[in-house]
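**Q** To start, I am sharing the structure in question, which I have written as structure tokens.
There are 2 protein chains.
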Amino acid sequence: MKTLKIIKIGGNIIDDASSLSAFIELFAKLEGPKILIHGGGKLATKLATDLGMEVNMIDGRRVTNAATLDIITMVYAGKINKNIVVQLQAKHCNAIGFSGADGNTIVSKKRPATPIDYGFAGDIAQVNTAVLEVLLTQGVAPVFCALTHDQNGQLLNTNADTIASELAIAFANTYETELYYCFEKNGVLRDVDDETSVIKHISTENYQDLMQQRIISEGMLPKLLNCIYAIQKNVNKVCIGKPEMLSNPNANFTTITK
Amino acid sequence: MKTLKIIKIGGNIIDDASSLSAFIELFAKLEGPKILIHGGGKLATKLATDLGMEVNMIDGRRVTNAATLDIITMVYAGKINKNIVVQLQAKHCNAIGFSGADGNTIVSKKRPATPIDYGFAGDIAQVNTAVLEVLLTQGVAPVFCALTHDQNGQLLNTNADTIASELAIAFANTYETELYYCFEKNGVLRDVDDETSVIKHISTENYQDLMQQRIISEGMLPKLLNCIYAIQKNVNKVCIGKPEMLSNPNANFTTITK
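One line per chain: the protein sequences are Y and S, in this order.
With the UniProt record's numbering applied, the first sequence has no gaps in its numbers, which climb one by one up to 258 at the end.
With the UniProt record's numbering applied, the second sequence has no gaps in its numbers, which climb one by one up to 258 at the end.
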């Protein structure tokens with residue numbers, strides 16, 4: 001089976017022009033089928049502020065009312081997505097931008113309004129890989145923003161980490177799937193303040209020990225559980241770290257395996 | 001040869017929610033391969049105004065500085081494009097949104113800064129149909145916004161009418177191509193104030209007579225020349241009129257043929 005690389009980049013890479021352009025260069029050079037998923041960064045909040053809108057967050061999660069969904073659609077699917085695509089094209093990587101509505105690729109359900117009403121937030125119900133597989137075969141790299149749809153005409157704001165893991169899981173039957181979460185740290189750290197304290201290997205067997213010993217920081221927990229879930233659903237390999245892990249096998253990063 | 005329908009909708013359809021939803025319903029029902037191109041409408045100007053930016057127009061053409069290009073990218077490729085795609089999906093039409101950067105489909109050159117500097121405006125240099133053909137074969141309907149790229153990382157604002165005619169021309173060797181310009185009038189009118197005065201047929205032979213007799217209004221001239229150019233470049237049929245021409249052969253509209 002061929003290997004498919006699914007790579008997610010977070011806000012810190014997107015918000016910094018030089019980090020983004022270094023990442024673009026790196027991604028463009030990766031051989032074989034690949035999919036990119038990008039988060040939103042601070043640009044949506046900036047545009048909302050510039051338009052005099054209030055940004056409403058609960059526990060670090062954005063509450064997406066209709067006006068906020070408009071902003072997100074403009075920033076995620078418009079500005080960020082097209083800027084990534086146009087930069088990849090300049091590096092001879094034939095990218096095509098996607099939301100989950102495009103090609104009906106990612107169908108989600110609006111999150112129930114109780115106990116907390118997050119507005120137009122969607123939880124993924126189904127991933128349709130057919131169109132994506134055709135494009136991957138043609139050497140095209142799909143680039144996803146964090147929007148999905150409900151098949152009834154509604155776009156929904158969806159967590160980019162989850163989009164990445166659900167895409168990886170959906171392709172696990174047809175490819176050897178590798179899932180990479182790129183962010184600003186070297187990986188899962190024993191001590192959040194010490195970049196050299198990377199836990200190099202986490203398995204489905206030892207992650208609960210690490211959790212019980214409270215070695216995993218609270219901020220890392222949802223990301224790690226996402227990773228473990230992907231591994232349990234037959235994704236071959238999940239890595240967390242800085243983008244350099246994609247090109248340098250000697251780099252410091254965390255690998256999660258069965 | 002199979003028939004490919006290439007349909008362009010203008011701002012007046014996009015700006016009005018009920019016109020747009022009627023059009024979406026109509027487009028979704030069209031059988032066979034089809035491509036949609038949409039203009040921008042007034043939303044980009046509204047967002048620019050809301051952000052306190054000046055909108056600079058010369059002879060009805062937008063001057064695209066860097067900030068304006070950002071706005072256009074957000075509104076055209078983000079808000080309008082994704083809203084059309086999500087509504088088409090709700091009507092079971094498997095749409096995928098495109099700018100000319102996506103799939104490297106439309107390459108353009110920045111317009112020279114003399115005699116008038118339109119900023120980041122692009123004139124189409126090349127259309128690459130390979131990826132689009134693969135998608136059309138899969139039953140996917142590409143939906144284009146009016147942005148192209150220069151292959152060096154620069155998005156460029158490009159006339160939507162021209163995108164439509166250049167796409168039709170590029171496909172003329174592989175499909176019987178039909179090009180439809182949908183707008184708010186019944187077609188090319190003998191008297192701009194009389195909707196019943198539609199000129200039903202214009203040919204490459206009689207259009208110059210119509211121009212010399214000054215029967216074609218000034219506003220219609222660039223659109224008509226675009227149509228004549230497409231016909232001369234082997235597009236099979238070009239029509240101008242209201243969207244109903246797509247479903248009702250007895251509707252009043254203008255057909256341009258050899």
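A virtual CB, placed ideally from N, CA and C, is assigned to each residue, including glycine.
Counting contacts by CB-CB distance shorter than 8 Å, is THR73 of chain Y in contact with chain S?
**A** Position 73 of the first sequence, counted from the start, is the residue given in the question as residue 73 of chain Y. Cβ-Cβ to chain S under 8 Å: yes for THR73 of chain Y.
**Q** Can you confirm whether GLN126 of chain Y, when its beta carbon is compared against all beta carbons of chain S, has any partner nearer than 8 Å?
**A** Position 126 of the first sequence, counted from the first residue, corresponds to residue 126 of chain Y. Closer than 8 Å: no.
**Q** Looking only at its own chain, which residues have a Cβ that is under 8 Å from the Cβ of GLU176 of chain S, when we skip the five neighbours before and after it?
**A** As a first step, residue 176 of chain S is located in the second sequence; it is residue number 176 there, counting from the start. So the list reads MET1, LYS2, THR3, LEU4, ASN236, once near-sequence residues are dropped.
**Q** Which of the residues in the segment 66-93 of chain Y, read from start to end, lie with their CB under 8 Å from any CB of chain S?
**A** So the close ones are ASP70, THR73, MET74, VAL75, TYR76, ALA77, GLY78, LYS79, ASN81, LYS82, ASN83, VAL85, VAL86, GLN87, GLN89, ALA90.
**Q** Look up PRO222 of chain Y in the DSSP assignment and give the residues it is bridged to.
**A** Numbered from 1 along the first sequence, position 222 holds the residue referred to as residue 222 of chain Y. Note: PRO222 of chain Y sits in no beta bridge, so no partner.
**Q** Please name the residue or residues paired with residue 277 of chain S in a DSSP beta bridge.
**A** Residue 277 of chain S lies beyond the range of chain S shown here (1 to 258); nothing can be said about it.
**Q** Since ASP50 of chain S contacts LYS109 of chain S with CB under 8 Å, what's their CB separation in whole angstroms?
**A** Walking along the second sequence from the start, residue 50 of chain S turns up at place 50. Walking along the second sequence from the start, residue 109 of chain S turns up at place 109. At roughly 32 Å, the Cβ-Cβ gap does not stay under 8 Å, so ASP50 of chain S and LYS109 of chain S are not in contact.
**Q** For LYS34 of chain S, count the other beta carbons within 10 Å of its own beta carbon; 16 or more makes it buried, fewer makes it exposed. Which is it?
**A** For the purposes of this step, residue 34 of chain S is taken as residue 34 along the second sequence, with counting starting at 1. The residue in question, LYS34 of chain S, is buried, as its Cβ has 16 or more Cβ neighbours within 10 Å.
**Q** Below 8 Å on C-beta distance, what does ILE116 of chain S contact in chain Y?
**A** Here residue 116 of chain S refers to the residue found at position 116 when the second sequence is read from its first residue. Within 8 Å Cβ-Cβ: nothing; ILE116 of chain S doesn't reach chain Y, min ~25 Å.
**Q** Taking just the CA atoms, how far does ASP70 of chain Y sit from ALA101 of chain Y?
**A** Here residue 101 of chain Y refers to the residue found at position 101 when the first sequence is read from its first residue. Here residue 70 of chain Y refers to the residue found at position 70 when the first sequence is read from its first residue. Each residue's alpha carbon lies about 15 Å from the other.
**Q** Give the straight-line distance between the Cα atoms of PHE144 of chain S and ILE24 of chain S, rounded to the nearest whole angstrom.
**A** One-based indexing of the second sequence puts residue 144 of chain S at position 144. One-based indexing of the second sequence puts residue 24 of chain S at position 24. Looking at the two C-alpha atoms, the distance is approximately 14 Å.
**Q** Beta-carbon of ASN104 of chain Y versus every beta-carbon of chain S: anything under 8 Å?
**A** By one-based count along the first sequence, residue 104 of chain Y stands at place 104. Closer than 8 Å: yes.
**Q** Taking 8 Å as the cut-off, does the segment 67-82 of chain Y touch the segment 53-60 of chain S (at least 3 CB pairs, one atom from each stretch)?
**A** Short answer: they don't touch.
**Q** What is the rounded straight-line gap between the Cα of LYS258 of chain S and the Cα of VAL127 of chain S?
**A** Translated into the one-based positions of the second sequence, residue 258 of chain S becomes position 258. Translated into the one-based positions of the second sequence, residue 127 of chain S becomes position 127. Their backbone Cα atoms lie some 23 Å apart in a straight line.
**Q** Taking CB distances under 8 Å as the criterion, tell me whether GLN138 of chain Y reaches chain S.
**A** Locating residue 138 of chain Y in the first sequence gives position 138, where the first residue counts as 1. Yes, contact with chain S.
**Q** By a C-beta neighbour count over all protein chains shown, 10 Å radius and 16 as the cutoff for buried, is THR114 of chain Y buried or exposed?
**A** Working through the first sequence from its first residue, we reach residue 114 of chain Y at position 114. With fewer than 16 Cβ atoms within 10 Å of its Cβ, THR114 of chain Y is classed as exposed.
**Q** Give me the chain S residues within the contact set of GLN151 of chain Y, using Cβ-Cβ distance strictly less than 7 Å, ordered along the chain.
**A** Here residue 151 of chain Y refers to the residue found at position 151 of the first sequence. Result: GLN89, ALA90.
**Q** Give the range of the beta strand (DSSP E) segment to which SER203 of chain S is assigned.
**A** The residue you call residue 203 of chain S lines up with position 203 of the second sequence. Here the beta strand (DSSP E) through SER203 of chain S covers 201-203.
**Q** To the nearest angstrom, how far is it from the Cα of ALA130 of chain Y to the Cα of VAL192 of chain S?
**A** Working through the first sequence from its first residue, we reach residue 130 of chain Y at position 130. Working through the second sequence from its first residue, we reach residue 192 of chain S at position 192. About 48 Å.
**Q** Taking C-beta pairs closer than 7 Å, name the residues in chain S that VAL134 of chain Y reaches, listed in chain order.
**A** Within the first sequence, numbered from 1, the residue matching residue 134 of chain Y stands at position 134. Result: VAL134, GLN138.
**Q** Report the residue from S:LEU210, S:ILE80, S:LEU155 whose alpha carbon sits nearest the alpha carbon of ASN65 of chain S.
**A** As a first step, residue 65 of chain S is located in the second sequence; it is residue number 65 there, counting from the start. Comparing Cα positions, the closest option is S:LEU155.
**Q** Could you tell me whether any Cβ in chain Y is nearer than 8 Å to the Cβ of VAL188 of chain S?
**A** Indexing the second sequence from 1 puts residue 188 of chain S at position 188. Not one chain Y Cβ lies under 8 Å of VAL188 of chain S.
**Q** Just to confirm my understanding: we take GLY119 of chain Y, look at its own chain, exclude 5 residues before and 5 after, and list those with CB closer than 6 Å. What are they?
**A** Here residue 119 of chain Y corresponds to residue number 119 of the first sequence, with the count starting at 1. For GLY119 of chain Y, where only same-chain residues beyond five positions count, the Cβ hits under 6 Å are VAL63, THR64, ASN65.
**Q** Starting from GLY11 of chain Y, follow the alpha helix (DSSP H) in both directions and report where the run begins and ends.
**A** On the first sequence, residue 11 of chain Y is found 11 positions in, with the first residue counted as 1. Where GLY11 of chain Y is concerned, the enclosing alpha helix (DSSP H) stretches over 11-14.
**Q** Under 7 Å between beta-carbons, which chain Y residues line up against ASP123 of chain S? List them in chain order, please.
**A** Here residue 123 of chain S is taken as the residue at index 123 of the second sequence, counted from 1. Ordered by position in chain Y, no residue passes the 7 Å Cβ test against ASP123 of chain S, which lies about 17 Å from the chain.
**Q** Our contact map puts ILE37 of chain S next to LYS82 of chain S with C-beta atoms below 8 Å; I'd like the distance itself, whole angstroms only.
**A** Looking up residue 37 of chain S in the second sequence gives position 37. Looking up residue 82 of chain S in the second sequence gives position 82. Going by Cβ atoms, the distance from ILE37 of chain S to LYS82 of chain S rounds to 15 Å, so no, they are not a contact pair.
**Q** Which one of Y:TYR181, Y:THR137, Y:PHE98 has the shortest CA to CA distance from GLY10 of chain Y?
**A** To locate residue 10 of chain Y, count along the first sequence from 1; it is residue 10. That would be Y:TYR181, whose Cα lies nearest to the Cα of GLY10 of chain Y.
**Q** Determine the contact status of PHE98 of chain Y and GLY187 of chain Y, defining contact as a CB-CB distance below 8 Å.
**A** Position 98 of the first sequence, counted from the first residue, corresponds to residue 98 of chain Y. Position 187 of the first sequence, counted from the first residue, corresponds to residue 187 of chain Y. Not a contact, by the Cβ cut-off of 8 Å.
**Q** Roughly how many whole angstroms lie between the Cα atoms of GLY52 of chain S and ALA44 of chain S?
**A** Translated into positions along the second sequence, residue 52 of chain S becomes position 52. Translated into positions along the second sequence, residue 44 of chain S becomes position 44. Rounded to whole angstroms, GLY52 of chain S to ALA44 of chain S spans 12 Å at the Cα level.
**Q** Taking SER165 of chain S and TYR207 of chain S to be in contact with their CB atoms under 8 Å, please state how far apart those CB atoms are, rounded to whole angstroms.
**A** Start at 1 with the first residue of the second sequence, and residue 165 of chain S comes out as number 165. Start at 1 with the first residue of the second sequence, and residue 207 of chain S comes out as number 207. Not confirmed; about 15 Å, so no contact.
**Q** In the DSSP output, which residue or residues are listed as bridge partners for PHE98 of chain S?
**A** Counting from one through the second sequence, the residue named residue 98 of chain S turns up at place 98. Beta-bridge pairing links PHE98 of chain S to S:PHE144.
**Q** Quick check: the Cα distance between ALA95 of chain S and ILE84 of chain S, rounded to an integer number of angstroms?
**A** The residue labelled residue 95 of chain S in the question sits at position 95 within the second sequence. The residue labelled residue 84 of chain S in the question sits at position 84 within the second sequence. Going by the C-alpha atoms only, they are around 9 Å apart.
**Q** Give a yes or no on whether the minimum CB-CB distance between ILE215 of chain S and chain Y is below 8 Å.
**A** Numbered from its first residue, the second sequence carries residue 215 of chain S at position 215. Answer no: the Cβ-Cβ gap between ILE215 of chain S and chain Y never drops below 8 Å.
**Q** For LEU51 of chain S, return the contacting residues in chain Y, with the cut-off set at a CB-CB distance below 8 Å.
**A** Mapped onto the second sequence, residue 51 of chain S falls at position 51. Near LEU51 of chain S (Cβ distances below 8 Å), the residues of chain Y are ASP50, LEU51.
**Q** Looking at GLY122 of chain Y and ALA90 of chain S, is the spacing between their C-beta atoms short of 8 Å?
**A** One-based indexing of the second sequence puts residue 90 of chain S at position 90. One-based indexing of the first sequence puts residue 122 of chain Y at position 122. No, the pair does not count as a contact, with Cβ atoms beyond the cut-off.
**Q** Report yes or no: is there a C-beta of chain S within less than 8 Å of the C-beta of residue 267 of chain Y?
**A** With chain Y covering 1 to 258 only, the question about residue 267 of chain Y has no answer from this structure.
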